[in-house]
Each structure stands twice: as C-alpha cells, then as structure tokens.
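Everything below concerns the one structure shown next.
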C-alpha cells in the first residue's frame, strides 16, 4: 500500500509539518516550536506504522535541505535511548542530502550525496544506497569525500576500496548498515529516523 499521508491524518501533524517546511524557507517565518514539531514527527511515524504504508524509492529522489534534527542520549536507568528535544538547523549552515537512482529499473539502488556548506567551505560525501520499500528503509555508505574552499577543490579522494567496497555494500543486509527509516514522504518534505534513534526533517530544494 503506497502512502497518501494527507488523507490519513487524524491528528493534524500533516499541517504542522507543512507549516514547518514553509516557515523554514521564509527569512522571518514563524516556525512551530521544537516540542510541537517533534510531536508531529512522532505522530507521523506512528501513523505510518499503524497503516503499514510504504513509499517507492522514486519518491525520495531529488535534493533535500536538512531543516530540523533531534539528538539522542543513552539512559542507563532505562537501558535504552532517550530522544532529544531537537533544533532547527541554523541558516548560516546549509546541509543537503540528495538521492539518485541507478539505471536499473526498480532495483532500489542508487547514490547518496551529503553536502555541508559553511561560508566558503564545502564538504561533500558520496556513496551507494539500497532501498527496501517494504520497510521504508534506505541503507547507505560513503566511499568518496570532496572538500573545497572558495570553490577551489583542496581534497578529493575515495574512502575505502572503491568498487570492491560497493559490491560488498550491496551484499550486506540493510539492518547491518547505516540507514534512514522514512515515515513521511511528500513532494515538499521528507522525514526519517536514523539507525541511532534520532529524527530528521528535510525540505525539498527548489
């Protein structure tokens, strides 16, 4: 079953997420508080699990700007991980993630590009991805790094063992790799929980 999140909302978390995406783009936009946004993300995650909704890999393709994240911390007394309060990514730092598909149709394979821009500094990491639509899990790894300063490349090298590492990556179970578990995917924004337990909210780059 593929998801149409807007038609399944009982709690109005869709409006909160849509408002957060729109407000983040505006220089003086009034954003939902971190507490309200985290609650909306958790409600979205719960809704997807209850309805067993799935998203096709194609719906993730494109370039997305990270706008909100939560951290996690280990809680010894509870023997688990506690979700942090979360914060909006400051505007003086831009963090993008891009997903591109391979030429193999419906393979769920592609490339991830993670890019951080801070003033004149650019850090870009790239690598393979594999996606399981049954669980909305996207596993990834990075095998190349590029750093530039004032648009001049100062470091550009592979990480690991190139093609051999990529082939090994596709032979690994997704559960053993770094991954995002997506629970909200629309034309305008996406949201996921990382393997470490934190939440992330991206908006589409126009």
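Numbering (the numbering used here), first residue to last: 61 to 266.
From the three backbone atoms N, C-alpha and C, an ideal C-beta is built for every residue, glycine too.
What is the DSSP secondary structure of residue i, reduced to helix, strand or coil?
i: residue 167; result: coil
i: residue 139; result: With a pLDDT of 46 at residue 139, under the threshold of 50, the modelled position of that residue is not reliable, and the figure given next carries that caveat. Coil at residue 139, not helix or strand.
i: residue 113; result: coil
i: residue 219; result: coil
i: residue 206; result: strand
i: residue 266; result: coil
i: residue 145; result: coil
i: residue 125; result: strand
i: residue 93; result: coil
i: residue 103; result: helix
Is the distance from the Cβ of residue i to the Cβ of residue j below 8 angstroms?
i: residue 97; j: residue 76; result: yes
i: residue 78; j: residue 248; result: yes
i: residue 234; j: residue 199; result: yes
i: residue 130; j: residue 143; result: yes
i: residue 100; j: residue 263; result: no
i: residue 105; j: residue 253; result: yes
i: residue 125; j: residue 148; result: no
i: residue 167; j: residue 245; result: no
i: residue 114; j: residue 196; result: yes
For residue i, write down the residues that DSSP places opposite it in a beta bridge.
i: residue 198; result: 191, 240
i: residue 153; result: 178
i: residue 245; result: 250
i: residue 212; result: 209
i: residue 184; result: 175, 206
i: residue 161; result: 170
Could you tell me which of the options sits nearest to residue i, measuring between CA atoms?
i: residue 188; options: 255, 180, 85, 169; result: 169
i: residue 107; options: 74, 158, 151; result: 74
i: residue 151; options: 243, 236, 83; result: 83
i: residue 229; options: 255, 202, 243; result: 202
i: residue 185; options: 164, 161, 160, 219; result: 219
i: residue 206; options: 190, 174, 196; result: 174
Answer with buried or exposed for residue i, where buried requires no fewer than 16 other C-beta atoms within 10 angstroms of its C-beta.
i: residue 61; result: The predicted position of residue 61 is uncertain, since its pLDDT is 46 and thus under 50; no value can be drawn from it.
i: residue 209; result: exposed
i: residue 260; result: buried
i: residue 240; result: buried
i: residue 194; result: exposed
i: residue 265; result: exposed
i: residue 272; result: Missing from the structure shown is residue 272; the chain here goes from 61 to 266 and no further.
i: residue 256; result: exposed
i: residue 243; result: buried
i: residue 182; result: buried
i: residue 159; result: buried
Can a CB atom of chain B be found closer than 8 angstroms to the CB of residue i?
i: residue 196; result: Absent from the structure is chain B; it holds one protein chain and no more.
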